[in-house]
Amino acid sequence: MKAITLCFLVLVSASCLLKTNANVDVHPDFQAAEVELDLWLAELEAEGDYMDVEQFGFIVSCAKILKKCLSSVRGVNCILKEVVAVMKACTDYVEAIDACGVAVPKDVATVVSSCKAMITICNNIIHLNSTLCASDDSTTSKCMLQLFKACMQLTRKINTTLKQITKLPSDTSSCFVAATSKVKTACNNFLPNIDKCIDSM
Ligand SMILES: *[C@@H]1O[C@H](CO)[C@@H](O)[C@H](O)[C@H]1NC(C)=O
Ligand SMILES: *[C@@H]1O[C@H](CO)[C@@H](O)[C@H](O)[C@H]1NC(C)=O
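Residue numbers (mature numbering (1 follows the signal peptide of the UniProt record, and there is no 0)): -22 to -1, 1 to 179.
In structure tokens form, the structure reads like this:
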């Protein structure tokens, strides 16, 4: 990442800051976090040289959607709603697989463990929202950054889970297939729904 690009990014975000000032709904913690978010994106862009183009493009577009959404109170609430939906789908999935009552094949077990990891990330996000992000403390710009990172982590985990689901063998038992199709829908909906959050801001 060239220094000039970095300066440009900081300039762009400064002008965005002016624009978002006009918006009454701007999250109080967001503006302080925005410069840090942009630095994070810039670092990511520097790493991009070592990442495959498709993956890099995906991550950057997720980051942009999340950043935009986090800029308003309504956007944050909307993200939280979607996080809760993913967590519920994952919790239901783990229970449904258990209820199938037969030995869990290796490929299904892989998806189960991804879902458990997603439950943990979702719990972290909900916890952040109700602790760090709910306080009036001036340090809460950290909340935005942590919320952002946790949401990025969730988005990437959703992506790998969807890939694992695609790899399930065709002879997977119908009980597992039925449970998996529900969690698959929830995973597929996450990012498009976050994108829709922006429209409702
Ligand atoms: C998962 O990530 C890849 C890039 O690594 C991207 O092309 C693809 O669209 C993503 N899939 C979903 C469903 O988010
Ligand atoms: C997130 O925090 C806000 C403000 O404290 C609260 O109103 C909301 O219910 C929380 N959302 C979740 C899903 O916990």
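Glycine included, C-beta positions come from ideal geometry on N, C-alpha and C.
Thr139: member of the alpha helix (DSSP H) spanning Ser119 to Thr144, first to last residue. Counting the other CB atoms within 10 Å of its CB gives Thr109 a total below 16, which places it among the exposed residues. Between the alpha carbons of Val62 and His105 lies a gap of roughly 12 Å.
With the rule of 3 Cβ pairs closer than 8 Å, the segment 80 to 97 does not count as touching the segment 44 to 56. Taking 8 Å as the upper bound for CB-CB distance, Leu132 and Cys111 are not in contact here, some 16 Å apart.
Asn102 has its CB no nearer than 8 Å to any heavy atom of ligand 2.
At a cut-off of 8 Å, the beta-carbon of Asn107 does not count as near ligand 1: no heavy atom of the ligand is closer than that. Taking a C-beta distance under 9 Å as the contact criterion, Ser119 and Ala11 qualify as a contact pair. Following the DSSP letters along the chain, one finds Thr109 in no alpha helix (DSSP H), marked with neither H nor E. When the Cα atoms are used, Ser159 and Glu23 turn out to be separated by approximately 34 Å.
For Glu32, the CB falls within less than 8 Å of some heavy atom of ligand 1. Remark: the shortest separation between the CB of Asn171 and any heavy atom of ligand 1 does not fall under 8 Å.
Pairing Ile103 with Cys153, the inter-Cα distance amounts to about 31 Å.
The shortest CA-to-CA distance from Ala157 to any of Ser113, Val82, Ile57 and Cys100 is the one to Val82.
For Cys56, the distance from the CB to the nearest heavy atom of ligand 2 is not below 8 Å. For Lys66, the shortest C-beta to heavy atom distance toward ligand 2 is 8 Å or greater.
In the three-state scheme derived from DSSP, where H, G and I count as helix and E and B as strand, Cys93 is classed as helix. A straight-line Cα-Cα distance of about 10 Å links Lys135 and Gln142.
Taken atom to atom, the span from the alpha-carbon of Ser151 to that of Val80 is near 10 Å. In the displayed model, Val38 falls within a helix according to three-state DSSP. Beyond the five residues adjoining it in sequence on each side, Leu44 comes within less than 8 Å, by CB distance, of Ile57, Phe126, Cys129, Met130, Thr133 and Ile172 in the same chain, given in chain order.
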